[in-house]
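Report on the structure given below.
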Amino acid sequence: MKMAFRPLSLQGRFTLYLILPVLALLFVMGLIGFFFARDLLLDQWQESAILKLERAAHQMDMHLAAVKQGIHLFHDISGSRHDDSFHAWALDRLQRQEGIIAARLRWNTPLEQRHSAAEPHPPAPGMGHGLHAVGKAGGMRRFQSARIREITAPRFDAGGAHGTISMISELLDEAGAALGRLEVTADFDVMFGHVVESGWWQSSKAFLVDENGQVLVCTVPGRHGRIDDTGDPLEKATFAAMAAKTRGTVWGEGYPPSEISGFFRLAEAPWFLVMIAPGREILSPIIGFRWVYSIAVIGLILVVSALIRLVTGRVASEIKTVSQEALQLSQGKFGDPLPVKSRDETGELTRSFNLMTSHLRERFQLKQALSLAMEVQQNLLPAAAPSLPGFDIAGRSVYCQETGGDYFDYIFRTADEGRRHLCIAVGDVVGHGISAALLMTTVRALLRSRLDGPGSITEALTDVNRLLCRDTEPSGSFVTLFLLQVEAATGRLAWVRAGHDPALLFSAATGEIRELNGTGMALGVDEAYAYQGESCSRSHTGDILLIGTDGIWETHNARSEKFGKARVGDIMRRHREAPAEAILEAVLRCLEEFRGELPQEDDITLVVLKPASPG
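Numbering (the working numbering) for the sequence shown: 1258 to 1872.
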């Protein structure tokens, strides 16, 4: 099915033409600028770091290679000669080489043991314990080969101002056994001076470490031990990388990284040059870029704001008008409908506001009517409990809406024998709201009028039913009623059930609860129905009589459980010593706790009657 073309809404146009391009531009610019600048700077630093380290390592290697070359030259010259003077000359030449402080030749066999049958040959000057070994030919012995066995770590004097290193060459005979060694001491300051003077060594955290991670020289004062023993994750990662590669860089934690390291291995010694630089310093250009970007964003926001203000000026004016009218409406002031000036969202808003105002006006009028009805209904209910000697009485109706169909009343009447009795009526009109309240009012008027006349309460209720049926026949409404008559002089109880739930009677003597049953049809159903009454002997002190509507025991909780009459009976037992008003409050309180957060779904009415003394 082909979709019909619909023009863009106002909201759609704002989003498409203004908001989306700006957001997309800011997002793309931010991502491109950040990633490009970050990657470029990090790549440049890695290249620069490796280059700096390589240059420094190359210069150190040159010094180390010069020393090694002097040692190899001594090996070549001295290994092919056995003349004392020539050995002295070669050793002296080695000592004169730039950067070499001392050269010592030491034999494993002491001097006196090297001359057995031959004449002794005194050592040449500066030769240590003797340059020559004793051999079979002329008593002299010479080495056949040599190898550089060790390059020592730098050693510094007491003040740490001057350092030296040593290269140790092992001298071997024809069988490969060690005859002695040549130890050459070189000036470490000459070898390492250009590194110390370099800018990266002075500005960054830098190390000279051996292949085991031992720190030889460091820019951090007092730093000793291994490079990975401080717990720094970057230094540990750098040491791990040094075991696998001869050069490289390692990123620290964070994104971008807080620190970055670079390392390079020397060719002439088992040492690494390591430098560690802070990431913020490396990425300082991108940090500066953020300020530029922020200024650009602010400028764009200002431009967009101006465009939005220009485009939405009319919209803002119409919305302000609706807002002002809404404020007036909140104060109960209903003005004339607002003019609809456009067909976009603002026009739709105005039309919806006018429709809402019309409905609110109707609801406000209905609310006023309901308030008036509630006020009338509340005035029809007893304002206080009647004064009946020997009895404590309390009653209450709690409606789930403004008005309801529950009803209770206290009516004094004079019996045929001339004695004064109290009638307590509790009724429940089917339904809720105004219709139920109106029917309740009719029942109240009919019952009060009829009980003022002669006859028993059964006769009175039969007459009320006949009259009520004429009013309820068209609607099908009906009323349940429990009518109780209390003889003040004797305390005797008489009652009539018109389809209502039985009253509950707690016996103080036995602790049991029984129901005041009886037969009877609801009022307003059968015009010809004749009601039958029930009675019992007088109540005793401590007994509790509770007449209620089904809204009490049919209340549900969140688990769909009913409150039930058993819980009402338990409340009556627990509060047997309390006055009637306290018992009533306890029932209502327990109902509210049982219901929890659920709303009240039915009207609740109850009357509590408690004999205070024997009649």
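Every residue, glycine too, gets a C-beta built ideally from N, C-alpha and C.
All of these numbers come straight from a predicted model, not from anything done at the bench.
Restricting to Cα atoms, I'd like to know which of the options is closest to residue i.
i, options, result
"Gln1800", "Gln1789, Ile1307, His1832", "First, the residue type needs correcting, since residue 1800 is Asp and not Gln in the sequence shown. For Asp1800, the nearest C-alpha among the options comes from His1832."
"Phe1763", "Ala1755, His1757, Leu1773", "Leu1773"
"Leu1429", "Ile1668, Leu1439, Gly1456", "Leu1439"
"Val1825", "Arg1846, Ser1817, Arg1816", "Arg1846"
"Gln1301", "Gly1536, Ser1713, Val1453, Val1472", "Gly1536"
"Arg1406", "Gly1556, Val1753, Val1441", "Val1441"
"Ile1861", "Phe1445, Leu1586, Ala1672, Cys1657", "Cys1657"
"Ala1347", "Gly1356, Arg1363, Ile1328, Thr1737", "Ile1328"
"Ala1693", "Asp1728, Cys1680, Arg1677", "Asp1728"
"Ser1515", "Gly1748, Leu1695, Ala1534, Leu1321", "Ala1534"
"Ala1306", "Trp1508, Arg1816, Ser1518", "Ser1518"
"Leu1299", "Arg1670, Thr1506, Glu1716, Lys1822", "Thr1506"
"Lys1822", "Gly1647, Ala1563, Asp1349, Arg1771", "Arg1771"
"Ser1794", "Pro1759, Ala1751, Ala1785, Ser1654", "Ala1751"
"Tyr1667", "Pro1646, Asp1685, Arg1701", "Arg1701"
"Gln1303", "Phe1413, Phe1293, Asp1333, Trp1508", "Trp1508"
"Arg1653", "Ile1840, His1451, Gly1420, Ala1323", "Ile1840"
"Gly1768", "Arg1830, Gly1733, Gly1790, Glu1730", "Arg1830"
Among residues of its own chain, excluding the 5 on either side of residue i, which ones have a beta-carbon nearer than 6 Å to its beta-carbon?
i, result
"Gly1805", "Leu1863"
"Ala1787", "Thr1719"
"Gly1470", "Arg1483, Ile1484, Asp1485, Phe1496"
"Arg1522", "Thr1503, Phe1529"
"Val1447", "Gly1356"
"Leu1559", "none"
"Pro1377", "Because Pro1377 sits at a pLDDT of 38, beneath the cut-off of 50, its placement in the model cannot be relied upon, and the following sentence gives the value as read from the coordinates. The answer is none, since no qualifying residue turns up."
Three-state secondary structure (DSSP) at residue i?
i, result
"Leu1863", "strand"
"Gly1479", "coil"
"Phe1735", "coil"
"Pro1868", "strand"
"Gly1456", "helix"
"Pro1535", "strand"
"Val1597", "coil"
"Val1687", "coil"
"Ser1518", "strand"
"Asp1720", "helix"
"Lys1462", "strand"
"Thr1506", "strand"
"Ala1281", "helix"
"Arg1833", "coil"
Per DSSP, residue i forms a beta bridge with which residues?
i, result
"Glu1440", "Arg1361, Ile1425"
"Lys1819", "His1813"
"Tyr1667", "Ile1681"
"Gln1857", "Gln1857 is not bridged to any residue."
"Gln1471", "Arg1483"
"Ile1804", "Val1864"
"Cys1793", "Leu1750"
"Asp1300", "Partner(s): none; Asp1300 has no beta bridge."
"Ala1744", "First, the residue type needs correcting, since residue 1744 is Glu and not Ala in the sequence shown. Glu1744 pairs with His1678."
"Ala1435", "Leu1429"
"Glu1407", "Ile1425"
"Glu1850", "Partner(s): none; Glu1850 has no beta bridge."
"Ala1760", "Leu1773"
When you compare the CB positions of residue i and residue j, do they come within less than 8 Å of one another, or not?
i, j, result
"Leu1780", "Val1865", "no"
"Phe1820", "Ile1828", "no"
"Val1285", "Val1561", "no"
"Val1687", "Gly1712", "no"
"Lys1309", "Trp1457", "yes"
"Ile1650", "Ala1640", "no"
"Thr1715", "Val1743", "no"
"Met1317", "Phe1449", "yes"
"Thr1737", "Asp1783", "no"
"Gly1647", "Gly1748", "yes"
"His1757", "Phe1735", "no"
Can you list, in chain order, the residues of its chain with a C-beta nearer than 8 Å to that of residue i? Leave out the 5 residues immediately preceding and following it.
i, result
"Phe1610", "Val1579, Glu1582, Ala1583, Leu1595"
"Glu1811", "Lys1819, Phe1820, Asp1859"
"Gln1816", "According to the sequence shown, residue 1816 is Arg rather than Gln. So the list is empty, once near-sequence residues are dropped."
"Pro1856", "Cys1657"
"Ala1410", "Ile1422, Asp1467, Gln1471, Leu1473"
Should residue i be listed as close to the ligand PLP, given that the test is whether its C-beta is under 7 Å from any heavy atom?
i, result
"Leu1429", "This structure lacks the ligand PLP; in fact it carries no ligand of any kind."
Please work out which residues of its chain come closer than 7 Å, Cβ to Cβ, to residue i, disregarding the five sequence neighbours upstream and downstream, and give them in chain order.
i, result
"Leu1703", "Val1721, Leu1724, Leu1725"
"Arg1480", "Val1472"
"Arg1670", "His1678, Cys1680, Leu1708, Asp1709"
"Gln1585", "Gly1592"
"Arg1852", "Thr1812, Asn1814"
"Ile1408", "Ile1422, Met1424, Ala1526"
"Asp1444", "Gly1356, Ile1358, Thr1421"
Consider the Cβ of residue i: report whether some Cβ of chain B lies at a distance smaller than 8 Å.
i, result
"Thr1806", "In the structure shown, chain B cannot be found, because there is only a single protein chain."
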